[in-house]
Amino acid sequence: MAQPPADVSEDDCLPEYHHLFCPDLLQDKVAFITGGGSGIGFRIAEIFMRHGCHTVIASRSLPRVSMAARKLATATGRRCLPLSLDVRAPLAVAAAVEQALQEFGKIDILINCAAGNFLCPASSLSSNAFKTVMDIDTLGTFNVSRVLYEKFFRDHGGVIVNITATLGARGQVLQVHAGSAKAAVDAMTRHLAVEWGPQNIRVNSLAPGPISGTEGLRRLGSGQRAARLVHSPLSDPRPATRPPAQPECQTQQSQPSI
Ligand code: HXC
Ligand code: NAP
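In this note's numbering, the protein residues as written are -7 to 250.
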């Protein structure tokens, strides 16, 4: 079985790439990727660019997205515009989308990948800590989607992909904030898909499993710690914690005879 890649402190482009799809699948398309300066968003930008796409990568840290943009453009020969924004601030999002439209004249694809997360027991999670993750993940996804709708997708159609997670599907310890935020994004995806679908805007969620070499997994911990987190004591009891099984015949023997 293939080994997961080593953990890294900074993202780099792949040393080699064998096209998964037709190489010109996204030729001259433009993708706006929040959180595109690192982790999963960085790799989405790279793969899109290797298939002919130009990208805008946007997050709070301008140095981070600027360095990532240089690497991406060098490795792929496509254009990459780095922009600083906080997805929680609609005015900053609007300014960034304007700048992207001035640069490229269009945006075909929006990837909502920006997110915030940390491990914390629900009992010690402050209201502001819960709100912060809801604001980045859920409100942020809505803010960027709505601005792009107003400024371009309403009149030209487009594609939105929201990066979510499987955390909330069964529930997971220490993750009530992130699981709730991503579940709300999944609901938002369905609402926007039916509301904007008739206007030629396709909206989908993509929920990756744990991806090694990313900040998201680093924050959950690695190895056994991550495995313990993923394990649910409600739905998947381990044999060692089960009470000893009673042999069936013994049970039958104990039934009173009629
Ligand atoms: C408990 C915490 C906390 C922690 C912050 N807070 N970190 N509470 N445990 N480890 C609380 C603070 O005390 C504060 O509440 C509130 O959260 C806001 O904190 P700030 O630091 O002011 O927030 P901000 O500067 O906006 O930073 C957001 C952040 C930060 C989420 C806290 O970690 C961040 O910027 N993260 C971005 C990168 C990231 O998280 N990547 C992973 C995404 S992966 P009080 O009450 O004190 O005011 C992901 C994984 C999905 O989503 C699933 C994987 C399988
Ligand atoms: P990551 O590298 O930390 O990516 C998160 C990105 O979001 C960062 O580039 C960060 O950049 C940006 N960001 C955070 N807050 C922001 C804000 N307020 N405004 C704008 N940008 C902001 O983590 P990752 O692990 O690759 O995660 C990427 C996505 O995949 C997330 O949506 C995550 O929930 C999802 N996911 C990850 C995993 C996994 O195993 N890693 C599994 C399932 C789902 P700045 O700090 O510069 O703002």
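Cβ atoms here follow ideal geometry from the backbone N, Cα and C, with glycine treated the same way.
{"Item": "Evaluate L12 with the Cβ neighbour count: other Cβ atoms within 10 Å of its Cβ, from every protein chain shown; 16 or more gives buried, anything less gives exposed.", "Value": "exposed"}
{"Item": "Check L166 in the structure and name its three-state DSSP category.", "Value": "coil"}
{"Item": "Applying the 10 Å Cβ sphere with the 16-neighbour rule, what's the burial state of N135?", "Value": "buried"}
{"Item": "Quick check: does the Cβ of V186 come within less than 7 Å of any heavy atom belonging to the ligand NAP?", "Value": "no"}
{"Item": "Just to confirm, is the Cβ distance from V139 to H169 under 8 Å?", "Value": "no"}
{"Item": "Among residues of its own chain, excluding the 5 on either side of A114, which ones have a beta-carbon nearer than 7 Å to its beta-carbon?", "Value": "V168"}
{"Item": "Going by DSSP in three states, S119 sits in which element: helix, strand or coil?", "Value": "helix"}
{"Item": "Report yes if the C-beta distance between K174 and L198 is below 8 Å; otherwise report no.", "Value": "no"}
{"Item": "May I ask you to verify whether the segment 35 to 44 touches the segment 16 to 25, counting CB pairs closer than 8 Å and requiring at least 3?", "Value": "yes"}
{"Item": "Please state whether DSSP places N196 in a helix, a strand or coil.", "Value": "strand"}
{"Item": "Is R56 near the ligand HXC - that is, is its Cβ less than 7 Å away from at least one heavy atom of it?", "Value": "no"}
{"Item": "Quick one: is L6 buried, meaning 16 or more other Cβ sit within 10 Å of its Cβ, or exposed?", "Value": "exposed"}
{"Item": "Please report the residue range of the alpha helix (DSSP H) in which L64 lies.", "Value": "L54 to T68"}
{"Item": "From which residue to which residue does the beta strand (DSSP E) around N154 run?", "Value": "G150 to I155"}
{"Item": "Put N135 into one of helix, strand or coil per three-state DSSP.", "Value": "helix"}
{"Item": "If distances are taken between C-alpha atoms only, which option among P55, S53, Q94 and F40 comes closest to G69?", "Value": "F40"}
{"Item": "For H10, count the other beta carbons within 10 Å of its own beta carbon; 16 or more makes it buried, fewer makes it exposed. Which is it?", "Value": "exposed"}
{"Item": "In the structure shown, what three-state DSSP assignment does L99 receive?", "Value": "The sequence given here places Ile at residue 99; Leu does not occur at that position. Here I99 sits in coil by DSSP."}
{"Item": "Mind checking whether the beta-carbon of N109 lies closer than 7 Å to any heavy atom of the ligand HXC?", "Value": "yes"}
{"Item": "In chain order, which beta strand (DSSP E) runs of at least 3 residues are fully inside the segment -7 to 51?", "Value": "22 to 26 and 46 to 51"}
{"Item": "Helix, strand or coil, according to DSSP, for L73 in the structure here?", "Value": "strand"}
{"Item": "State the start and end residues of the unbroken alpha helix (DSSP H) segment that holds E207.", "Value": "E207 to L212"}
{"Item": "As a quick exercise: from R62, F144 and C105, pick the residue whose alpha carbon is nearest that of N192.", "Value": "F144"}
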